[in-house]
Each structure stands twice: as C-alpha cells, then as structure tokens.
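Report on the structure given below.
Number of protein chains: 2
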Amino acid sequence: MANVDVIVVGAGVAGLVTADRVRAAGRSVVVLEARDRVGGRTLTEVVPGVKDLSVDAGATWVAPDQQHVRTELARFGLETTPQAGPGDALASLRGKARRYTGAARALDPVTTADVGQAMMRFAAAAEHVDVVAPWRGDHATKYDAQTFESWIRRTCVTSKGRDYFRLLCEAVLATEPQNVSLLHMLFVARSGGGLSHLVTTGGGAQDARVVGGMQQLAQFLAAGLGRWVRLQEPVTTIMHDADGVSVHSESGATTAHRVVVTVPPALATSIEYLPGLPHDRTQLVQRMPHGSVVKCHAVYSRPFWHDFALSGEMTTDEGPGKVVFDTSPPGSGYGVLTVLVEGDDALRLGARGEARARTAVLRGLAEHLGPRAMDPLAFVSRDWTAEEWTRGCFGAQLPPGAWTQVGSALRVPVGRIHWAGAETAERWCGYVDGAVSSGERAAAEVLAALP
Amino acid sequence: MANVDVIVVGAGVAGLVTADRVRAAGRSVVVLEARDRVGGRTLTEVVPGVKDLSVDAGATWVAPDQQHVRTELARFGLETTPQAGPGDALASLRGKARRYTGAARALDPVTTADVGQAMMRFAAAAEHVDVVAPWRGDHATKYDAQTFESWIRRTCVTSKGRDYFRLLCEAVLATEPQNVSLLHMLFVARSGGGLSHLVTTGGGAQDARVVGGMQQLAQFLAAGLGRWVRLQEPVTTIMHDADGVSVHSESGATTAHRVVVTVPPALATSIEYLPGLPHDRTQLVQRMPHGSVVKCHAVYSRPFWHDFALSGEMTTDEGPGKVVFDTSPPGSGYGVLTVLVEGDDALRLGARGEARARTAVLRGLAEHLGPRAMDPLAFVSRDWTAEEWTRGCFGAQLPPGAWTQVGSALRVPVGRIHWAGAETAERWCGYVDGAVSSGERAAAEVLAALP
C-alpha cells in the first residue's frame, strides 16, 4: 500500500513545481530533499555585515519569453527589475577594452565581420536541430561527432573571432567548447531562442532579475506544500515494480504509486535503482557532466562605475571573472557587481581558497574600474562545484556522441520512475524556465498514470 | 583508533593486488566488495549444460609484453594458451568478406594504402603524447579539443578507410570514435604499445588466454587474503581527516589509516566523501563514461569452422557482433566462439532481451560460417552495462577536453584516499595488466605513508 500517491526527489524548482501541481490536482505527494534548504540551484543569500542586502548566488535572470517562470513568479507576486542600466558596457579582448551600448559588441571591423559570418552559419546549422528530439534529423550525427571547438576553428578565420565564440560558450554553458558537441551547443541555443538571445540583457536571457531574489520562488512553492517537503533526506535507493515504488532515505522507506526524480542526471546516478535502469539511461547519466561556476558578489557603498558612465556589464577574455553584471538592488543605494567565474577558471579558482579567489576576482574588476574596486564593503562567493548536492553549474553539458547515442532516454519514464529538472526541458533547457516546464510535464505524466 | 592499516574498496584485480601487497609488507588490510564475488571485470563462468566447460565473460587476453599480469599469473601457476590458431581469419567490410593470415588485414589495395597513411599519421601524433601525463605537452590541447571521429574524417580519404578506423575504435574501446577525444585514443594506443599492437593476436594484446579462465587470478589472490575480503558490502561513505579514514557500508564503519578506492571512477562517484573531493576530481569522475559490451559465447560440439580452414577470428562492420575469436579450450574438443558486441550495438542488443540477442548474434556468425552456427550446444552472454557494480565495459573512455582539463587528478591521492584500478594505469591503461600495476603503485603509496 502506498503512503502517498507521488514521491518527488529534490526540492529545487522542478521538484517543487511537480509537487505543487500534483497537490493542486488533489493527490498526495512528498518531496525528499538532501539539503537543509529548498531551491536547488536557486539560492538567495544575505550578505554578511551589509544591512538588508541579499544576492542571488545561483540562478538570477529571466527573459521576456520565459512564460513558465514568469507565470510562476507572478503567482506569488514576485516582481522583476530590468538588468540593463544606464552607461556603457565594456568588452575586453586580448588586452584591448572597448565600450559599447545595447546589443552590439565592441569588436573591431574585421572581427565583427568574422563573428557575423560565423553567427550566420551557426544559425543556419541550428535550424536543422530538433529541440524536442535533438538526436533526430539528418544532420544530428554529423553535428554530434565533433566538438564545438572543432567548429569554431573551422568556421572563424580570425583569432579574435575564435576567442569571441569561446568566451560565448563559457558564458552560456560554463564550460569550454572542446567539452561539448556542436550539436549540444546548437540545441541549447535553439532551445533558448538563439545564441545571441542567450547573451543579451534587454529583451534576452538576462533581461531582468527577481526583486528580493530568485530563491523566493522555491520558498513560496515549498511553503504551500508545508510539511510534505522533507529536508535533509538524501535518497539512497529507489525500488520499483509493477505495484509501486519504495524510496529509501536514512529515515526509512516511503512508498508511492510513482516517483519523479528531479535531481540532475549526474547526481541521479548516485541513487541505487532496483531493478537497474535501461542501458541507454545508464550510459546517459555517465555522459552529462556539469559545467563549473564560482559566482562572486562584490558589494560597494554605491555603484561608483556610474561615475565613468559605465553600466557595470563587462566581458573579458582574461579570467578568472570573465562575465560581470551590475546587480545592485534598485533603491538600495548599494553597488553590487556579480562576477561569473566559469569553466576552467572556476575549477582553478575554487581550488585556491576563498581569500585568494577574492583577490583575483577584485583585481580583475580593478583592471577596468580602477582601484576602488579592490575595497568592497563585502565580498561573497559560492563555488557550485564544491556543493555535494550540485557538483557544478549551470548544469549538464553533453560531450560529443551522447545526444545521438543515448539522448532519447532523457525524459522517457522507466516504469514508475519519471524524470524532471532543468536538463530535461525542451525549451530553455538548463534555465529556471526549463525547470518549471519540466515539473509541469512530469506532474502531468504522473497524474495521468495514477490509479 | 584504526581497525586496520588499510581499507581497499573493490575486490577486482587492482584491489586484490593492492591488498596482497599491503599484507605481504606485514600490514593489516580489509577489502570491501559490493558484489557476492571477487574479480570485478574478470569473470569466468561455467557454461550451463556443457560438462567441464567455462568461458571468460570478462577480461580474457594477455600480451607477451604485459609483465605485471604475466608475473602474477605465473605466481599462481596459471598457464596461458596462444590465441592464434590454424586457418584464415576473416574480415568483412561493406558486405565483402576476405580471408587473411597473420597480422595483415584483408583490405583492397586502395583501402590498404589509405589505412597505411592514416596509421603513419596516427603513430606520429602518438609520439607527442606523454603516457605518464597525457594532459601535458604542446600538442595535448589540440588533440584533446577534437573527437577521434573528426580525426578519422580529416585523415582518411576513402570511406572504407574511415570504416576501418571506426571498427578499430570499437574493438579497442567498446565505444564509437565520436565519443572520445583524439588525445584519448592516442594515449590508449601509446599506453598499450601502439594501435596495431592492440588489435593483434600472436604477439599482440590478444596473444594468449589464461587456461581455466582469467578470474582465477582474482580468486587465488582473494584466497590468500582469506576473511579479510568481505563480500556484499557496498561502500556508501568515506569520511577522512588528518587522523584517519572511516569507511561505511551497511554493516557499519571500518576505520584505517589509509583507504585505496579501486572501483572505476564512474562508480566511485556514487560514494559520498566527507569532506568532499577537490574540484578537478569532482569534474573528472563526471567525465569518465564507460564503453558498452555484451560478451557472448556460442559453444559447439567441435570447431566446425576448421572444416573451411577458418580460424574463427572474424571482424565485420555489420553488427551486432563485430569482433569474433575462437576461444575453444585446448584439448576439450568443444568449439567456442567469443563474440564481442560493443558500443552502440551493445546498448541496443542489451535492450532487446537475451533470446533476441542470441538470434541476432548467431545470425551474424551464420553469415560467414554457414547454418551450423545457428545451432550451438549452448549460448551464454554477459551484458556488462546491466551490471550494477560495473555499468559498462571495458572501462572509462574520456570525451574531448577531459584529459587536459582535469586528467591530472586521476591518480593524485586526496589526503588519505588513494586511487587504483585499470583506468589509473600509465602502461596498459584499461587492461588487466594495468589493474595489476595500479594495485602495486597504490600499495607502495600507502605503505610509504603508514605510520
């Protein structure tokens, strides 16, 4: 006999949305979460020593065309504030910094032409990719047989053009272009409305932030579920057969008709499944490594970069912090810079310890904003690779061969086991919006299957 | 206080050699094994219904230049029998089968020329690879940024030449060339004495088999360790600090000065480490997926292929069983064909169930050996992807980017945690010989560090 109708593994956004929808349909649900908090890769942290200030240490931005997450935010009265602010952005490639405004990048004419022709080729290739089933189609095998780096080398004719695409890959995936297949990059771009859309503030993927922080979404969802969200219960084993599922954690077993596993595939492999999972699934979870991110926040008494008519948005090919945004809370007076340290930079920075990481990141800011950048009121950083229950951000990035060989196993339920999470989304794969839609899909699956 | 000096996780060949050497040095050791048997990826199975016949369902062959495993076999009086037998081998590419003898492959002159020039280029590139540290060197980054498939497409000028290298990749790694970096393939080849050496019987990697089966090595090693090998104890958690380690399984905790983890990296990630592991290690274990193998044995009353002057060794580009060897035990009278189903073929065959797999494999044999092949005395198969405690064979194959970004973490101890296993070997990486040498290395590491 089942304790509940549905068990959800993981109290990130995908898991909480799943549970919320199951409850809304009048069925019973329990969410088992390994951590002592909800939110998964969304995490809003209070900045120590700075009154009333919190920062998003995890997922931050929403796009105008992310209807799933926008609807969910609106439901709880959560408002957004535009990312784009006054002043110029900065782009620094090979030691040369240029200002720019709007969506245009400050590249010299030759590089602009090179990036432009490559972008057109990329967009044309992306047209061949099926977002619902990227493993399908005439071109899929060819695109999946090569790295994105191979494509960059073949397609760009200038070294700065190649650098630009490498930087773009790190900014979008938090991993280097040799680590993913061309197909994966094409899929992610198409899944999120195009490569340029993914790196754009006004109107793009970084269009707006959630006032008060993104984690509130998870907190409101969890509050609605009350005691049915059980923290600090890492799931060790899932037993499943024709009669039901039995999900084991240290505190014992919970039984249900269905289970929805919402943790990233690389973590889902730590759960023991009895009986074991199908072959393609067993392979797939071995081939979805995470990118690496250390997300840093430097807090200043005011956004002093406005003195130079700079917006605080910066992109540089010199690490460790290659992507910077001004995330000052509107009306707070404080100046906050979010520095994204990604890929190899993140792996190396994380290994160096917090104090040295702070110095390295602040020096990078000072390079463009002057010595005032070296002396923030506060500095906080979150190293997602060090998180036992995440092991890298933003999410899973597929190496060559994985999508076409075993990608079709990503969302297919295994008997009574269903899968959700940002990685399983067709649209906005890897984003909070994808997490929300994946939870809705998984909830619909289990509700249709419940007796 | 430590219960024992050293804990070894995993009773495969690497783990048992580690424990054997630690005991030989007069120190105490316990081996914790998840399965109800020793041997890991070595497994000698009795064939049901056929008197006195057993087959190697796992690792099988030894090469003349594999001194580590040869010494170990000799120690227990285990003998080998040559793989190469009388008769011609068969190679079938694109529907055309040709006989050949010795090391020469039966390719048409144009394909031979193409494969020849590509082999020379491959060998020249392999010269640049450092087997001790493949992540080092001027060429490493370039080789690691592309798939082996990209290299094949660029280097071979004929479609049959490309097919040949793809087949060779599957035979050596049990995965397709788009799934690994060029650097990985170069490293594996160099680690085992060259690409041709890896696919050669007489004098090469398939030079000889162990009479009575390869698993005996593990069984003899385990017998010497007696009750210090504890079966059915999957390790869940390893706690480690400056004072020692505490290794947890269902039956409780065992403490020691040092622990040697010998399970493949993709499985080592299922163990919880407290505190967590360094970043490069956390990344690396997410990027060492296993190949896929279903190893089949068809047993006949006699080796009837000798009637056609065929040796039973066959290579074909038509699946599911692309690589076939005669492994008839000398003097037994039986004719035994070992059919290796690898990579994508293995994933698909394994999903089809045993009965249909049998038919598909036997049909492949009958294609070249006639209808007698369809009616064996017995047919056994072992699907390594379905094994909870292996999850794919022969072993880990690294996708692009992994070696150069995080490969240096492969063997580096983390405090009191040491690493062994075939994947950690410099010479004969992924082979039983590499498992033996890795155990010797790990034992030397912990012995030098013990108080």
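Just so you know, the protein sequences line up as chains A and B, in that order. Residue 0 is where the first sequence starts when you use numbering that gives the first Met the number 0, and the numbers rise one by one after that. Residue 0 is where the second sequence starts when you use numbering that gives the first Met the number 0, and the numbers rise one by one after that. We put the CB at the ideal spot given by N, CA and C, even for glycine.
**Reduced DSSP secondary structure (H/G/I, E/B, other) of serine 327 of chain B** = Translated into the one-based positions of the second sequence, residue 327 of chain B becomes position 328. In the structure shown, serine 327 of chain B falls within a coil segment according to DSSP collapsed to helix, strand and coil.
**Prompt:** Between the region 322-352 of chain B and chain A, which residues of the former have a C-beta closer than 7 Å to a C-beta of the latter?
**Reply:** Listed by position along the chain: Asp343, Leu346, Gly349, Ala350.
**Asked** Using CA coordinates, which residue listed in A:Ala408, A:Cys428, A:His305 is at the minimum distance from glycine 369 of chain A?
**Response** As a first step, residue 369 of chain A must be located in the first sequence, where it is residue number 370. In terms of CA proximity to glycine 369 of chain A, A:His305 leads the group A:Ala408, A:Cys428, A:His305.
**Item:** Selected residue, minimal CA-CA separation from aspartate 28 of chain A, among A:Pro47, A:Ala221, A:Leu197
**Value:** As a position in the first sequence, residue 28 of chain A is number 29, starting the count at 1. Residue identity check: residue 28 of chain A is valine in the sequence provided, not aspartate. Between valine 28 of chain A and the set A:Pro47, A:Ala221, A:Leu197, the nearest pair of CA atoms involves A:Ala221.
**Asked** Does the region 336-356 of chain B come close enough to the region 104-121 of chain B that 3 or more CB-CB pairs lie under 8 Å?
**Response** With the cut-off at 8 Å, the region 104-121 of chain B and the region 336-356 of chain B do not touch.
**Asked** What are the boundary residues of the alpha helix (DSSP H) that methionine 118 of chain B is part of?
**Response** Taking the second sequence and counting its residues from 1, the one referred to as residue 118 of chain B is at position 119. That run of the alpha helix (DSSP H) goes 108-125.
**Request:** Anything in chain B within Cβ reach of glycine 400 of chain A, meaning under 7 Å, just list it in chain order.
**Result:** Walking along the first sequence from the start, residue 400 of chain A turns up at place 401. Here the neighbours are Glu175, Gln177, Asn178.
**Prompt:** Just reading off the alpha helix (DSSP H) that leucine 409 of chain B is part of, what are its end residues?
**Reply:** Counting from 1 along the second sequence, the entry for residue 409 of chain B is found at position 410. In this chain, leucine 409 of chain B is not harboured by any alpha helix (DSSP H), its DSSP state being neither H nor E.
**Asked** Where does aspartate 374 of chain A fall in DSSP's three states?
**Response** Against the first sequence, residue 374 of chain A aligns to sequence position 375. Taken through DSSP and simplified to helix, strand or coil, aspartate 374 of chain A comes out as coil.
**Request:** For methionine 0 of chain B, I'd like the list of residues in its chain whose CB is within less than 6 Å of its CB, leaving aside the five on either flank, ordered along the chain.
**Result:** Working through the second sequence from its first residue, we reach residue 0 of chain B at position 1. The pLDDT assigned to methionine 0 of chain B is 48, lower than 50, so where the model puts this residue is not dependable; a value taken from the coordinates is nonetheless given after this. There are no such residues.
**Asked** Is histidine 296 of chain B helix, strand or coil when you go by DSSP?
**Response** For this step, residue 296 of chain B is matched to residue 297 along the second sequence. Reduced to three states, the DSSP call for histidine 296 of chain B is strand.
**Message:** In whole angstroms, give me the CA-to-CA distance for valine 234 of chain B and histidine 247 of chain B.
**Reply:** The count along the second sequence starts at 1 and reaches residue 234 of chain B at position 235. The count along the second sequence starts at 1 and reaches residue 247 of chain B at position 248. Their Cα atoms are separated by approximately 6 Å.
**Message:** Between the alpha carbons of glutamine 116 of chain B and glycine 193 of chain B, how many angstroms are there, rounded?
**Reply:** Within the second sequence, residue 116 of chain B is the residue found at index 117, counting from 1. Within the second sequence, residue 193 of chain B is the residue found at index 194, counting from 1. Here the alpha carbon of glutamine 116 of chain B sits roughly 15 Å from the alpha carbon of glycine 193 of chain B.
**Message:** Rounded to whole angstroms, what is the Cα-Cα separation between leucine 181 of chain B and aspartate 279 of chain B?
**Reply:** For the purposes of this step, residue 181 of chain B is taken as residue 182 along the second sequence, with counting starting at 1. For the purposes of this step, residue 279 of chain B is taken as residue 280 along the second sequence, with counting starting at 1. Roughly 21 Å between the two C-alpha positions.
**Item:** Inter-residue Cα distance where the pair is valine 37 of chain B and valine 156 of chain A
**Value:** Stepping through the second sequence from its first residue, residue 37 of chain B is reached at position 38. Stepping through the first sequence from its first residue, residue 156 of chain A is reached at position 157. Straight-line measurement puts the Cα of valine 156 of chain A at about 56 Å from the Cα of valine 37 of chain B.
**Message:** Please tell me whether glycine 275 of chain A has its Cβ less than 8 Å away from any Cβ of chain B.
**Reply:** Within the first sequence, the letter at position 276 stands for residue 275 of chain A. Glycine 275 of chain A counts as touching chain B.
**Request:** Could you work out which residue in A:Pro302, A:Gly318, A:Trp60, A:Leu348 is closest to leucine 197 of chain A when comparing CA atoms only?
**Result:** Taking the first residue of the first sequence as position 1, residue 197 of chain A is located at position 198. Among A:Pro302, A:Gly318, A:Trp60, A:Leu348, the Cα nearest to that of leucine 197 of chain A is on A:Trp60.
**Message:** As a quick exercise: from B:Ser53, B:Asp129, B:Gly243, pick the residue whose alpha carbon is nearest that of proline 329 of chain B.
**Reply:** If you number the second sequence from 1, residue 329 of chain B lands on position 330. Shortest Cα-Cα distance from proline 329 of chain B to any of B:Ser53, B:Asp129, B:Gly243 involves B:Ser53.
**Asked** Does the region 316-329 of chain B come close enough to the region 426-433 of chain B that 3 or more CB-CB pairs lie under 8 Å?
**Response** The region 426-433 of chain B vs the region 316-329 of chain B: no contact.
**Request:** On a CA-only basis, which of B:Pro63, B:Leu166, B:Ala125 is nearest aspartate 206 of chain B? Give me that one, please.
**Result:** Here residue 206 of chain B corresponds to residue number 207 of the second sequence, with the count starting at 1. If we check each option's Cα against that of aspartate 206 of chain B, B:Pro63 comes out closest.
**Message:** Nearest by alpha-carbon distance to alanine 265 of chain A: which of A:Tyr163, A:Trp388, A:Ala23 is it?
**Reply:** For the purposes of this step, residue 265 of chain A is taken as residue 266 along the first sequence, with counting starting at 1. Nearest C-alpha to alanine 265 of chain A among A:Tyr163, A:Trp388, A:Ala23: A:Trp388.
**Prompt:** By how many angstroms is the C-alpha of glycine 318 of chain A removed from the C-alpha of valine 445 of chain A?
**Reply:** Numbered from its first residue, the first sequence carries residue 445 of chain A at position 446. Numbered from its first residue, the first sequence carries residue 318 of chain A at position 319. Computed Cα separation, rounded: 45 Å.
**Request:** Taking only beta carbons into account, state which residues of the region 288-312 of chain A come closer than 9 Å to chain B, listed in chain order.
**Result:** Cβ contacts with chain B: Pro288, His289, Ser291.
**Message:** Using 8 Å as the cut-off, can you tell me whether the region 433-441 of chain A makes contact with the region 4-20 of chain A, which would need three or more C-beta pairs spanning the two stretches below that distance?
**Reply:** Cβ pair count under 8 Å is three or more, so yes.
**Asked** Under 8 Å between the Cβ atoms of glycine 391 of chain A and serine 300 of chain A?
**Response** Here residue 391 of chain A refers to the residue found at position 392 of the first sequence. Here residue 300 of chain A refers to the residue found at position 301 of the first sequence. For the 8 Å CB-CB criterion, glycine 391 of chain A and serine 300 of chain A do not form a contact.
**Which listed residue (B:Lys159, B:Pro81, B:Gly57) has its alpha carbon closest to that of alanine 105 of chain B** = Translated into positions along the second sequence, residue 105 of chain B becomes position 106. Among B:Lys159, B:Pro81, B:Gly57, the Cα nearest to that of alanine 105 of chain B is on B:Lys159.
**Per-residue DSSP class, three states only, for arginine 226 of chain A** = The residue given as residue 226 of chain A occupies position 227 in the first sequence. If DSSP states are grouped into helix, strand and coil, arginine 226 of chain A belongs with the helices.
**Request:** Consider the Cβ of valine 405 of chain B: report whether some Cβ of chain A lies at a distance smaller than 8 Å.
**Result:** Along the second sequence, read from residue 1 onward, the residue named residue 405 of chain B stands at position 406. For valine 405 of chain B, the answer is yes, since a Cβ of chain A falls inside 8 Å of its Cβ.
**Request:** Can you tell me the Cβ-Cβ gap for valine 435 of chain B and glutamate 71 of chain B, rounded? I've got them flagged as a contact below 8 Å.
**Result:** Translated into positions along the second sequence, residue 435 of chain B becomes position 436. Translated into positions along the second sequence, residue 71 of chain B becomes position 72. The pair is a contact, with the Cβ atoms about 5 Å apart (cut-off 8 Å).
**Prompt:** Is there a Cβ from chain A that is less than 8 Å from the Cβ of aspartate 143 of chain B?
**Reply:** Position 144 of the second sequence, counted from the first residue, corresponds to residue 143 of chain B. Output row for aspartate 143 of chain B: interface = yes.
**Asked** What number of angstroms, rounded off, separates the C-alpha of aspartate 240 of chain A from the C-alpha of leucine 276 of chain A?
**Response** Looking up residue 240 of chain A in the first sequence gives position 241. Looking up residue 276 of chain A in the first sequence gives position 277. One Cα belongs to aspartate 240 of chain A, the other to leucine 276 of chain A, and the distance between them is close to 12 Å.
**Prompt:** Within the 8 Å Cβ cut-off, does threonine 518 of chain B reach chain A?
**Reply:** Nothing about residue 518 of chain B can be reported from this structure: the residues present for chain B run from 0 to 450 only.
**Item:** Given histidine 289 of chain A as reference, the closest of A:Thr43, A:Asp382, A:Leu166 once Cα atoms are compared
**Value:** Along the first sequence, one-based indexing puts residue 289 of chain A at 290. Nearest of A:Thr43, A:Asp382, A:Leu166 to histidine 289 of chain A, Cα basis: A:Asp382.
**Message:** To the nearest angstrom, how far is the alpha carbon of alanine 122 of chain B from that of leucine 348 of chain A?
**Reply:** Position 123 of the second sequence, counting from 1, holds the residue named residue 122 of chain B. Position 349 of the first sequence, counting from 1, holds the residue named residue 348 of chain A. So the alpha carbons of these two residues sit roughly 37 Å apart.
**Request:** Report the neighbours of aspartate 279 of chain A on chain B: residues whose CB is nearer than 8 Å to its CB, in chain order.
**Result:** In the first sequence, the residue the question calls residue 279 of chain A occupies position 280. Contact annotation for aspartate 279 of chain A against chain B: Leu346, Ala350 [CB-CB distance below 8 Å, chain order].
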